[in-house]
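Enquirer: In terms of UniProt numbering, the sequence shown opens at residue 1 and continues consecutively. C-beta atoms are modelled at their ideal positions from N, C-alpha and C, and glycine is treated no differently. Predicted, not measured: the structure shown is a model, and the values here were computed from it. The structure under discussion is supplied below as structure tokens; questions concerning it will follow.
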Amino acid sequence: MEKIDGRVIYGWSKKIHRFAMWLVIGLGIPLSFTGVIMENRALGKWASSLGWGRNVAWLHGKISIEFTVVLAIMMVSGFSMWVIPKILQKKLVKEER
Numbered sequence: 001m002e003k004i005d006g007r008v009i010y011g012w013s014k015k016i017h018r019f020a021m022w023l024v025i026g027l028g029i030p031l032s033f034t035g036v037i038m039e040n041r042a043l044g045k046w047a048s049s050l051g052w053g054r055n056v057a058w059l060h061g062k063i064s065i066e067f068t069v070v071l072a073i074m075m076v077s078g079f080s081m082w083v084i085p086k087i088l089q090k091k092l093v094k095e096e097r
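Okay, here's the thing in structure tokens:
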């Protein structure tokens, strides 16, 4: 069985983390707008008068699911980027002894 190099995992984690970051930003902007519309009474009345009231809540609910999944992926990749250098550093210290 072939060993997996920690640097390869780190590189893939970094790519996934960057992609997830842009998705979080892209999903976070409409999520924040819909949240503000639902929270603010004046904006909520305005959206309801245009017939968007239910659509805003529906969109917020749909985006929040994808946002949560992407944020979890970003957290896992960020954690792996944090822990892999520590593991590699310990491995190098053991090899020097």
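1) Under the three-state reduction of DSSP, which class applies to G51: helix, strand or coil?
2) Suppose you measure from the CA of V70 to the CA of I25; what does that come to, to the nearest Å?
3) On the three-state DSSP scale, how would you describe K3?
4) Tell me whether V56 is buried or exposed, calling it buried when 16 or more other Cβ atoms sit within 10 Å of its Cβ.
5) Within its chain, find whatever has a CB closer than 7 Å to the CB of H60; leave out the 5 residues flanking it on each side and keep chain order.
Expert: This is what the structure holds:
1) Looking at G51 - three-state DSSP - the assignment turns out to be coil, as it is neither helix nor strand.
2) One Cα belongs to V70, the other to I25, and the distance between them is close to 10 Å.
3) Correct three-state label for K3: coil.
4) So V56 counts as buried.
5) The beta carbon of H60 sits closer than 7 Å to the beta carbons of L31, T34, G35, M38 from its chain, once the five residues preceding and following it are set aside; these are given in chain order.
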